[in-house]
Amino acid sequence: MEYSLLLAVLGGIAILLFLILYFRIPAFISLLIASMAAGFMAGMDGGAVVQTVQEGMGSTLGFVAVVVGLGAMFGAILERSGGALAVASFLSRKLGEKRASLSMVITGFVVAIPVFFDVAFIILVPVIYAIQERTGKSLLFYAIPLLSGLAITHAFIPPTPGPVAVAEVLGADLGWVIGIGLLAAIPTALVSGLLFGKYIGKKIFVAVPDFVEQLEMEDSQMPPVASILTIIFVPIFLILVSTMVKSQIIPIASEGLQTAILWLGHPFTALILANLLAWYFLGLRRGFTSNELLEITTKSMAPAGTIILLTGAGGVFKQVLVNTGAGEMLANSLTGMGMPLILFAFLAAVLIRIIQGSATVAMITAAGLAAPLLAGAEFSGPQLAALVIAIASGASILSHVNDSGFWLVKQYLGLDEKQTLRSWTMMTSILALCGFAMASLIFLIVS
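Each residue of the sequence shown is one higher than the one before, counting from 751 in this note's numbering.
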């Protein structure tokens, strides 16, 4: 029985990779087909397979669809208002040219909270062009720290889609994911962004490419930085406070006050509030009409929809493992081998990421494999959050030619393939290993 279930799991993964890599079928459809195939191979009949698809999609998307959708709309308003550029300009002025690399790490870290990675990089790349022209140093001195900050937040800090999706599949509290993600992110950013950026900047000189338009928005046209930072951190603050109250780290005697805090700190409420603040202060107050804001937020649903569907399909894969008993079988096998769950989850994400390129697919598939292994186990909120960060780290590793991010960085920095591998690919690998080391350390400390 165990042998057939193992074959079903491995067969499902093999079908997934084959459909994506060979036939180039969209990951959403590939995940559904692979999940159904795994169900059939494990002995399910057609009716049970269809019911499992519905159950997996429904149980996963009830939370993720709302959070990712609200986060995408929030980020779109911040992007179009010039908020991302305002943060970058402010930090560059305050920290000065000597600390420009640090300002880029912080900028990437903050901006990627509401804005998708690729959009944020395209918005901010003119800032590093301007700094490079003033200092004459290699563009990589500033690009690698910026990319590190963007990539770390995109992978570690909700409400970005990746950690939200993984947290939902694993049943982790978003407040704990934010807190543990921040703890893991700081040393990871220092090593992969500042230290490696300084090293590779000395090894490879890159000047500003001559084919990308320079920054056009003046400082006077940008929204106030204080408003931007307040709006960005309001939902994060509310979610963190709610988690601390729920975990009784902050004791609240009044039941009514506790209920109000938990409601305000729920990701749904916190992100709705952030959207309303952005709509008014970054939109209407700065001359946007309601119709323009509606168009901006509507367009943001296209990339969000892809993430939502992928997450739902990942939930289906998880549900197949649960309903067939394959998840329990994997848990027993890992226990027998002595492999820690966090290492298994990390390696699963690493393998899928390297083979097929998409960090999102790697996160969702690894989370689907790990989730059934949690059944019956007693893991604390911080431990589940550390597990989320371990998966996100594995899914970030070794970005190379099968990842769209590789070509985005190559194009905008004017690099050749070898230079991109030595800089961007190496940075993502350092990021992943540091992130996993921090997640593992936290997992052990809080156990």
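Where a beta carbon is used, it is the ideal one built from N, C-alpha and C, also for glycine.
DSSP state of residue i mapped onto helix, strand, coil
| i | result |
| --- | --- |
| residue 772 | coil |
| residue 887 | coil |
| residue 1082 | helix |
| residue 1089 | coil |
| residue 965 | Caution is warranted here: a pLDDT of 49 is assigned to residue 965, below 50, making its placement in the model unreliable, and the coordinate value is therefore given only provisionally. Reduced to three states, the DSSP call for residue 965 is coil. |
| residue 1114 | helix |
| residue 1152 | coil |
| residue 972 | coil |
| residue 1016 | coil |
| residue 867 | helix |
| residue 1120 | helix |
| residue 808 | helix |
| residue 1039 | coil |
| residue 816 | helix |
| residue 1133 | helix |
Buried/exposed call for residue i, threshold 16 Cβ in 10 Å
| i | result |
| --- | --- |
| residue 1009 | exposed |
| residue 1162 | buried |
| residue 755 | buried |
| residue 829 | buried |
| residue 887 | buried |
| residue 1025 | buried |
| residue 1073 | buried |
| residue 1032 | buried |
| residue 1198 | It is not possible to answer for residue 1198, since the shown part of the chain is limited to 751 through 1197. |
| residue 1030 | exposed |
| residue 1039 | exposed |
| residue 793 | exposed |
| residue 879 | buried |
| residue 1151 | exposed |
| residue 1089 | exposed |
| residue 1034 | exposed |
| residue 773 | exposed |
| residue 1153 | buried |
| residue 916 | buried |
Proximity of residue i and residue j at Cβ, strictly below 8 Å
| i | j | result |
| --- | --- | --- |
| residue 1117 | residue 919 | yes |
| residue 893 | residue 1181 | no |
| residue 807 | residue 1062 | yes |
| residue 1142 | residue 913 | yes |
| residue 851 | residue 895 | yes |
| residue 937 | residue 836 | no |
| residue 861 | residue 834 | yes |
| residue 859 | residue 903 | yes |
| residue 1093 | residue 1123 | no |
| residue 784 | residue 757 | no |
| residue 1239 | residue 1097 | Limits of the chain in this structure are 751 at one end and 1197 at the other, which puts residue 1239 out of reach. |
| residue 1134 | residue 926 | yes |
| residue 934 | residue 1189 | yes |
| residue 838 | residue 877 | yes |
Nearest-angstrom Cβ-Cβ length linking residue i and residue j, presumed shorter than 8 Å
| i | j | result |
| --- | --- | --- |
| residue 1028 | residue 989 | Not a contact, Cβ separation roughly 16 Å. |
| residue 855 | residue 944 | 6 Å |
| residue 1149 | residue 1156 | 5 Å |
| residue 865 | residue 825 | 4 Å |
| residue 817 | residue 909 | 6 Å |
| residue 999 | residue 1011 | Going by Cβ atoms, the distance from residue 999 to residue 1011 rounds to 12 Å, so no, they are not a contact pair. |
| residue 1058 | residue 814 | 6 Å |
| residue 881 | residue 1169 | That belief does not hold up - the Cβ atoms of residue 881 and residue 1169 are roughly 19 Å apart, past 8 Å. |
When the options are compared against residue i, the one with the closest alpha-carbon
| i | options | result |
| --- | --- | --- |
| residue 763 | 1067, 1153, 1107 | 1067 |
| residue 760 | 1001, 778, 788, 885 | 788 |
| residue 987 | 1076, 928, 833 | 928 |
| residue 1176 | 1042, 1003, 951, 1091 | 951 |
| residue 1037 | 810, 773, 1097, 832 | 832 |
| residue 777 | 1110, 1129, 1178, 1132 | 1110 |
| residue 780 | 982, 1140, 1060 | 1060 |
| residue 1050 | 822, 774, 786 | 822 |
| residue 1046 | 820, 814, 774 | 820 |
| residue 1112 | 1129, 1138, 1131, 907 | 1138 |
| residue 771 | 848, 1107, 844 | 1107 |
| residue 812 | 1100, 1065, 1041, 1003 | 1065 |
| residue 1140 | 976, 1185, 1179, 935 | 1185 |
| residue 907 | 983, 846, 883, 1086 | 983 |
| residue 992 | 956, 1015, 1004 | 1015 |
| residue 985 | 1183, 1017, 947 | 1017 |
| residue 1187 | 955, 942, 953 | 942 |
| residue 889 | 1196, 1195, 1178, 1164 | 1164 |
| residue 805 | 971, 1070, 1129 | 1070 |
| residue 1044 | 827, 799, 791, 790 | 827 |
| residue 1081 | 1013, 1048, 1127 | 1127 |
| residue 769 | 1022, 867, 1105 | 1105 |
| residue 911 | 949, 884, 867, 899 | 867 |
Closer than 7 Å: residue i CB and nearest the ligand FMN heavy atom
| i | result |
| --- | --- |
| residue 906 | This structure lacks the ligand FMN; in fact it carries no ligand of any kind. |
Any C-beta of chain C under 8 Å from that of residue i
| i | result |
| --- | --- |
| residue 857 | Reference to chain C is not applicable here, since this structure consists of a single protein chain. |
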